[in-house]
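Peer 1: Following this note's numbering, the numbering of the sequence shown begins with 1 at its first residue and continues without gaps. Idealized CB from N, CA, C, for every residue including glycine.
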Amino acid sequence: MDWGQENRLARIVRRPHNRALMLAVDHGYFLGPTERLEDPRSTIAPLLKYCDSLMLTRGVLRTSVPSSTGTPMVLRVSGGTSIIGEDLSREDITVSIRDAVRLNATALAMSIFVGSKYEYQTIVNLGRLVNEAEECGMPVLAVTAVGKEMARDARYLSLACRMAAEQGAHIVKTYYCEDFEQVVNSCPVPVIIAGGKKIPERDALDLTYKAVRAGAVGVDMGRNIWQSDNPVPMIRAVRSIVHGNADAGSAWEMYNRLVSESTGPRSESG
Ligand code: R5P
C-alpha cells in the first residue's frame with residue numbers, strides 16, 4: 001500500500017487502536033426515500049461530528065453534506081437495481097474514478113453478491129474497481145450483500161469476506177453472525193459490520209459489542225442509528241463501544257443517560 005492509500009485508510013480505520021465508526025446513509029441507492037432518511041441533510045447534520053466517516057452516494061454527498069466538512073467520505077460507486085426491480089444482485093459500477101477523486105472521496109465502496117445469479121459480474125467488477133483505485137491511492141470497501149435466500153452464517157460470510165479480500169478489497173463490510181471470530185480470522189483485511197434492519201437499541205449495542213469483541217474493527221451502521229428515536233445518544237453509545245472499549249451494558253446506560261438529559265426526542269442531543 002502506498003502512502004496515500006495508507007493515509008486514506010487511516011482516516012477511516014482510526015489509529016492507534018484501529019477502530020472505525022462509519023455512518024451508513026447510502027440506502028436510497030436502491031431503497032429510495034428510506035424511513036427517517038427522506039431528507040438526508042437533516043438526518044446527517046446532527047450525527048456528522050460523531051462518526052469517523054460517512055458512507056453515501058455521490059447524489060447525497062453533493063446535495064446534503066456541507067463541503068466544509070472534515071469527515072472522510074466513503075463513496076458508494078455501485079448500483080443499478082431497485083428493491084422492486086428484477087434482481088438486486090445485478091449491480092455495476094456507476095461512478096467513475098475521476099468523479100470520485102473530484103468529489104474528494106477517501107474510499108470507494110461497492111457490493112458483491114457471492115452465490116447470487118450475478119456473482120461473477122460483481123466479483124469481476126470488484127477486481128476492476130481495485131485496479132483503478134490502486135492507481136489513485138484509493139482504498140476500496142467491499143460490501144458483502146446477502147440475498148434473502150442466503151444463510152447469514154459463518155461459513156457463507158467467511159467465503160464472501162475472504163473472496164472480497166482476495167480480489168484486493170482493503171476493508172470488508174459484512175453482517176454479524178454466530179462464530180463471527182471465524183469470519184474475522186479468515187479475512188486478511190479489516191472487517192466492519194452493518195447494523196441491518198432496525199432492532200431495539202439495547203440489541204444493536206449488544207451486536208456492536210459482540211462484533212468488536214470478536215475482532216471487527218467497528219461498524220458501518222445506518223438504520224440502527226438514524227431510525228432510533230434518539231439518534232445522537234445512539235451514535236454516541238455505539239461510539240463508546242467502538243472507541244471507548246465500553247461493554248454493551250455501559251453503552252446502554254450511556255444511551256439512557258443521554259436520552260434523559262436531552263430536551264426531547266430528535267433534538268440535537270436526541
Ligand atoms: C446496504 O447495502 C447499505 O450499503 C447499507 O450501508 C448497509 O446495509 C449498512 O446500513 P445498515 O446498518 O442500515 O444495515
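(1) To the nearest angstrom, report how far apart Asp-229 and Ser-262 are at their CA atoms.
(2) For Val-146, which of helix, strand or coil comes out of DSSP?
(3) Tell me whether Ile-93 sits in a helix, a strand or coil according to DSSP, three-state version.
(4) Contact check, Gly-195 vs Val-219 under 8 Å by CB: the rounded distance?
(5) For the pair the region 196–210 and the region 159–170, tell me if three or more CB-CB distances fall below 8 Å.
(6) Taking the alpha helix (DSSP H) that Ala-151 falls in, what are its first and last residues?
(7) Using only the alpha-carbon positions, how far apart do Glu-132 and Arg-152 sit?
(8) May I ask you to list the residues that DSSP assigns as paired with Gly-218?
(9) Kindly give me the distance between the Cβ atoms of Val-74 and Ile-12, rounded to whole angstroms, as I take these residues to be in contact under 8 Å.
(10) Sort Asp-52, Gly-79, Thr-43 by Cα distance to Met-22 and report the nearest one.
(11) Can you name, in chain order, every residue of its own chain whose Cβ lies under 7 Å from the Cβ of Glu-119, other than the five neighbours on each side?
(12) Based on the DSSP output, what are the partners of Met-55 in its beta bridges?
(13) Out of Val-242, Gly-85, Met-254, Trp-252, point me to the one whose CA is closest to Arg-15's CA.
(14) Using DSSP with H/G/I as helix, E/B as strand and the rest coil, what is Val-130?
(15) Which residues does DSSP pair with Ser-111 in a beta bridge?
(16) How is Lys-173 classed by DSSP in three states: helix, strand or coil?
(17) Assuming Thr-63 contacts Ser-78 (C-beta within less than 8 Å), just tell me the rounded distance between them.
(18) Quick check on Gly-249: does DSSP put it in helix, strand or coil?
(19) In whole angstroms, give me the CA-to-CA distance for Ile-123 and Met-234.
(20) Taking all protein chains shown into account, do 16 or more other C-beta atoms lie within 10 angstroms of the C-beta of Thr-69, making it buried, or fewer, making it exposed?
(21) With a CB to CB cut of under 6 Å and the five nearest residues on each side skipped, what residues in its chain are close to Ala-248?
(22) Going by CA-CA distance only, name the one from Pro-231, Arg-223, Val-184, Ala-237 that's closest to Val-217.
(23) On the CB-based measure, 16 or more other CB atoms within 10 Å of its CB, does Pro-66 come out buried or exposed?
(24) Out of curiosity, what's the CA-to-CA distance linking Ala-45 and Glu-38?
(25) Return yes when at least one heavy atom of the ligand R5P lies under 7 Å from the C-beta of Pro-131, else no.
(26) Rounded to whole angstroms, what's the CA-CA distance from Met-1 to Ser-260? Just pull it up for me.
(27) Using a Cβ-Cβ cutoff of less than 7 Å, which residues in the same chain neighbour Ser-186 once the five nearest sequence positions on both sides are dropped?
Peer 2: In this structure, then:
(1) The count along the sequence shown starts at 1 and reaches residue 229 at position 229. The count along the sequence shown starts at 1 and reaches residue 262 at position 262. One Cα belongs to Asp-229, the other to Ser-262, and the distance between them is close to 12 Å.
(2) Start at 1 with the first residue of the sequence shown, and residue 146 comes out as number 146. Annotated three-state conformation of Val-146 is coil, per DSSP.
(3) Translated into positions along the sequence shown, residue 93 becomes position 93. Ile-93: strand per DSSP, three-state reduction.
(4) The residue labelled residue 195 in the question sits at position 195 within the sequence shown. The residue labelled residue 219 in the question sits at position 219 within the sequence shown. Rounded, the Cβ-Cβ distance is 7 Å, consistent with contact.
(5) Flag = no, the region 196–210 and the region 159–170 do not touch.
(6) Here residue 151 corresponds to residue number 151 of the sequence shown, with the count starting at 1. Here Ala-151 belongs to no alpha helix (DSSP H), and DSSP marks it neither H nor E.
(7) In the sequence shown, counting from the first residue as 1, residue 132 sits at position 132. In the sequence shown, counting from the first residue as 1, residue 152 sits at position 152. Straight-line spacing of the CA atoms in Glu-132 and Arg-152 works out to 30 Å.
(8) In the sequence shown, residue 218 corresponds to position 218, counting from 1. Ala-20, Ile-192.
(9) Along the sequence shown, read from residue 1 onward, the residue named residue 74 stands at position 74. Along the sequence shown, read from residue 1 onward, the residue named residue 12 stands at position 12. Rounded, the Cβ-Cβ distance is 7 Å, consistent with contact.
(10) Position 22 of the sequence shown holds residue 22. When C-alpha distances from Met-22 are compared across Asp-52, Gly-79, Thr-43, the shortest belongs to Asp-52.
(11) Indexing the sequence shown from 1 puts residue 119 at position 119. Once the five neighbours on either side are set aside, the close Cβ partners of Glu-119 are Phe-113.
(12) On the sequence shown, residue 55 is found 55 positions in, with the first residue counted as 1. Ala-24, Val-74.
(13) Within the sequence shown, the letter at position 15 stands for residue 15. Ranking the options by Cα distance to Arg-15, first place goes to Val-242.
(14) Residue 130 sits at position 130 when you count from the first residue of the sequence shown. Helix at Val-130.
(15) Position 111 of the sequence shown, counting from 1, holds the residue named residue 111. Answer by DSSP bridge pairing, in chain order: Val-143.
(16) Within the sequence shown, residue 173 is the residue found at index 173, counting from 1. If DSSP states are grouped into helix, strand and coil, Lys-173 belongs with the strands.
(17) The count along the sequence shown starts at 1 and reaches residue 63 at position 63. The count along the sequence shown starts at 1 and reaches residue 78 at position 78. The pair is not a contact, with the Cβ atoms about 20 Å apart (cut-off 8 Å).
(18) Translated into positions along the sequence shown, residue 249 becomes position 249. Note: Gly-249 maps to helix in three-state DSSP.
(19) The residue given as residue 123 occupies position 123 in the sequence shown. The residue given as residue 234 occupies position 234 in the sequence shown. Cα to Cα, the separation comes out at about 34 Å.
(20) Residue 69 sits at position 69 when you count from the first residue of the sequence shown. Classification of Thr-69: exposed, given that the 10 Å Cβ count is below 16.
(21) Translated into positions along the sequence shown, residue 248 becomes position 248. Here the set comprises Leu-205, Asp-206, Tyr-209.
(22) Indexing the sequence shown from 1 puts residue 217 at position 217. The shortest C-alpha separation from Val-217 is found at Val-184.
(23) Translated into positions along the sequence shown, residue 66 becomes position 66. Pro-66 sits exposed, since fewer than 16 C-beta atoms from the chains shown fall within 10 Å of its C-beta.
(24) Within the sequence shown, numbered from 1, the residue matching residue 45 stands at position 45. Within the sequence shown, numbered from 1, the residue matching residue 38 stands at position 38. Straight-line Cα distance between these residues: approximately 13 Å.
(25) Numbered from its first residue, the sequence shown carries residue 131 at position 131. This sequence places Asn at residue 131; Pro is not what is there. Not under cutoff, so the answer is no.
(26) Mapped onto the sequence shown, residue 1 falls at position 1. Mapped onto the sequence shown, residue 260 falls at position 260. As the crow flies, the alpha-carbon of Met-1 is around 46 Å from that of Ser-260.
(27) As a first step, residue 186 is located in the sequence shown; it is residue number 186 there, counting from the start. Only Ser-158, Arg-162 meet the Cβ criterion.
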